[in-house]
Structure formats: structure tokens, C-alpha cells
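Numbering-wise, my numbering puts 184 at position 142 of the sequence shown, and it's gapless, one number per residue.
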Amino acid sequence: MQRRSCATQRSIWAVSDRTHDAFLNGRLHLWQPRKGYRAGVDPVLLAASVPAKTGESVLELGCGAGAVALCLAARVPGLQMTGVEFQPDYAKLAQRNADENNLSMTVVTADLRDLPKELRQAQFNHVLMNPPYFDRSKGSAAADPGRDAAFGGDTHLSDWIDIGIKRLAPKGHLTMIQRIERLPDVLNAIGARLGSLVVRPIAGRQNVAPSRFLLRGIQAGRAAFVMAPTLVLHAGESHFGDTESYTTAIKDVLRNGAKLDITP
43 MQRRSCATQR SIWAVSDRTH DAFLNGRLHL WQPRKGYRAG VDPVLLAASV PAKTGESVLE
103 LGCGAGAVAL CLAARVPGLQ MTGVEFQPDY AKLAQRNADE NNLSMTVVTA DLRDLPKELR
163 QAQFNHVLMN PPYFDRSKGS AAADPGRDAA FGGDTHLSDW IDIGIKRLAP KGHLTMIQRI
223 ERLPDVLNAI GARLGSLVVR PIAGRQNVAP SRFLLRGIQA GRAAFVMAPT LVLHAGESHF
283 GDTESYTTAI KDVLRNGAKL DITP
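Pasting the structure below:
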């Protein structure tokens, strides 16, 4: 497995193959590939749910173009941010996005399973992750390499969790988002290594089964497991036309960068 510095890589995307997208009602602008993995609502929800405080250290595993880490940095000033991304072109975009938004973040191009020595020896107050949603062994690869790595990838979910837990400082928080059908796999991978686990299911609308969940665990946490009330994204029972239907609370997160409590 090879590590490469994103500073020395030349992007494979021409200017016409990139978009410059506004997040948090324009507080943040991110370069993203026009095709491939593009950040949507989930990274913003994940960033909003991290209970970070000014001065704390944050590591995002699989940072892509930086949406999660930079949404968090835009909400909480003065964080010590580090992102790890395997794909050099996404890592290069993440570093550019951080620099152009005047947000301090160091992006390291590396395989999660072969982190540089300095990261293997470091501990963080917060570890964030948005692992691939689908089990590669149960499906076929996507045509676009970026989308394939984001939605499937060849790093097992248990490896993501194991690596994340190992990077936690004492009392550190691990926060992640994942598809609801993979909740048993996540809990099995965590085992007894984290405590104070909270899971908050996410559903598109009321009376619709959750499709995803947010999870937070604390190193050496002692509180009992909590299954929080379902987070509902849209108001009403169905969608009508092209109008936006997010609930007031979700609009506040997506537009204003508001904090999202996993345990409301």
C-alpha cells in the first residue's frame, strides 16, 4: 500500500469536470468532481452531530473532498483538523477547499490500513467517519473509481471502526453515519471497546422506516446504550413538486450550520 503526498499530485479533473458548490447557505464553498462521489446531506448531518469544542483535535477517516471536516470547522472555530484520504485527487481537492475557505486542516493521502507513523502515534479528541455504505462482497463495483471507493471500497467496515477506535484519545468520541441495515455490523465491530453508545436513526419522513443512522461512542464511556428518537428530515407525508420540504430543525443544520444533538 502506497502513501502519496497530495501536494505533489496533478489532478485528473479538468476545470470543466469540477463544480464549486455552496454549503451552509454559502458560508462554505467546496470544489467537487462533477462526476464521482459528491457530498450531499449526510456529510452535513454528520458534521453537525460532532460535539467538538474549540481547541480539540479532530481526525476524519476517508475525508473525500473535505465536506464533513470543513462543515465542522465552519461551525466550531479553532479545531486542530486532520483528514485522511486514499484517493490523491480527492485529497488534493480537500486541501484546496480548506485553504480557500481559510480553514486550517492537514490532509494526508494514505490508505487507512497503512497510516503514516506520525498518525499511528497520534490520538484525537474526535474521530469522524462516513464509511462506504455498501458491502463490496455483496455487490458489483461502480464504474467511476471515486463513487466506487465512497460507496463500496475494499476496506472492510470493521477495519474502519478498528482504526478509528485506535486513534481515540482517552474519553475521545467516535462519530459516524451509516446505512441502517449495517447497524448490527457496526455494533459487532465496536464490541465493548467503546461505551456510552448512542444511535439515532434517520428517516426521510414520518411513518417511513429509517434508512440511515448516526452513532456516537466514547472511549471508556460508562453510560448505558441509548436508542434515540428517529431524526425525520422532511415535513409531511409525501413530497409535492420541486419545493423544499426539510423540517425547520434540518433547515437550520443545512443552511445555518446549527448543531445537531444525537440525544435530543
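All C-beta atoms in this analysis are idealised placements derived from N, C-alpha and C, irrespective of residue type, glycine included.
All figures in this text were calculated on a predicted structure; none of them were measured in a lab.
If contacts are defined as beta-carbon pairs under 8 Å, then residue i and residue j qualify, I think. What distance do you get, rounded to the angstrom?
i, j, result
"residue 240", "residue 304", "5 Å"
"residue 242", "residue 270", "4 Å"
"residue 116", "residue 69", "5 Å"
"residue 199", "residue 227", "6 Å"
"residue 110", "residue 85", "4 Å"
"residue 171", "residue 214", "Contact doesn't hold; Cβ gap of about 13 Å is too wide."
Please name the residue or residues paired with residue i in a DSSP beta bridge.
i, result
"residue 311", "Absent from the structure is residue 311, since the part of the chain shown begins at 43 and ends at 306."
"residue 74", "61"
"residue 99", "122"
"residue 148", "124"
"residue 237", "260"
Along the chain, where does the alpha helix (DSSP H) that runs through residue i open and close?
i, result
"residue 137", "130-142"
"residue 160", "159-162"
"residue 293", "290-298"
"residue 86", "83-90"
"residue 111", "109-117"
"residue 250", "Run containing residue 250: none; DSSP gives neither H nor E here."
"residue 153", "Unbroken run through residue 153: none, as it is neither H nor E."
"residue 231", "225-232"
In the DSSP assignment, the beta strand (DSSP E) including residue i goes from what residue to what residue?
i, result
"residue 211", "210-221"
"residue 124", "122-127"
"residue 256", "254-261"
"residue 167", "166-171"
Residue i and residue j: beta carbons closer than 9 Å?
i, j, result
"residue 124", "residue 83", "no"
"residue 257", "residue 217", "yes"
"residue 101", "residue 126", "yes"
"residue 302", "residue 90", "yes"
"residue 136", "residue 112", "yes"
"residue 220", "residue 175", "yes"
"residue 277", "residue 289", "yes"
"residue 155", "residue 201", "yes"
"residue 298", "residue 66", "yes"
"residue 158", "residue 203", "no"
"residue 244", "residue 225", "no"
"residue 251", "residue 222", "yes"
"residue 63", "residue 71", "yes"
"residue 99", "residue 121", "yes"
Compute the minimum distance between the beta carbon of residue i and the heavy atoms of the ligand GDP, and state whether it is under 8 Å.
i, result
"residue 211", "This structure does not include the ligand GDP; it has no bound ligands of any sort."
(message) For the pair the segment 141-158 and the segment 75-85, tell me if three or more CB-CB distances fall below 8 Å.
(response) They do not touch, by the three-pair rule.
(request) Determine contact between the segment 258-265 and the segment 209-218, defined as no fewer than three beta-carbon pairs at a distance below 8 Å. (result) Yes, the segment 258-265 is in contact with the segment 209-218.
(request) Evaluate contact between the segment 229-239 and the segment 94-107, counting only Cβ atoms and requiring at least three cross-stretch pairs below 8 Å. (result) In this structure the segment 229-239 does not lie against the segment 94-107, because fewer than three pairs of beta carbons, one per stretch, are closer than 8 Å.
(request) Tell me, please, whether the segment 93-101 touches the segment 163-170 by the rule of three or more beta-carbon pairs shorter than 8 Å. (result) These segments touch.
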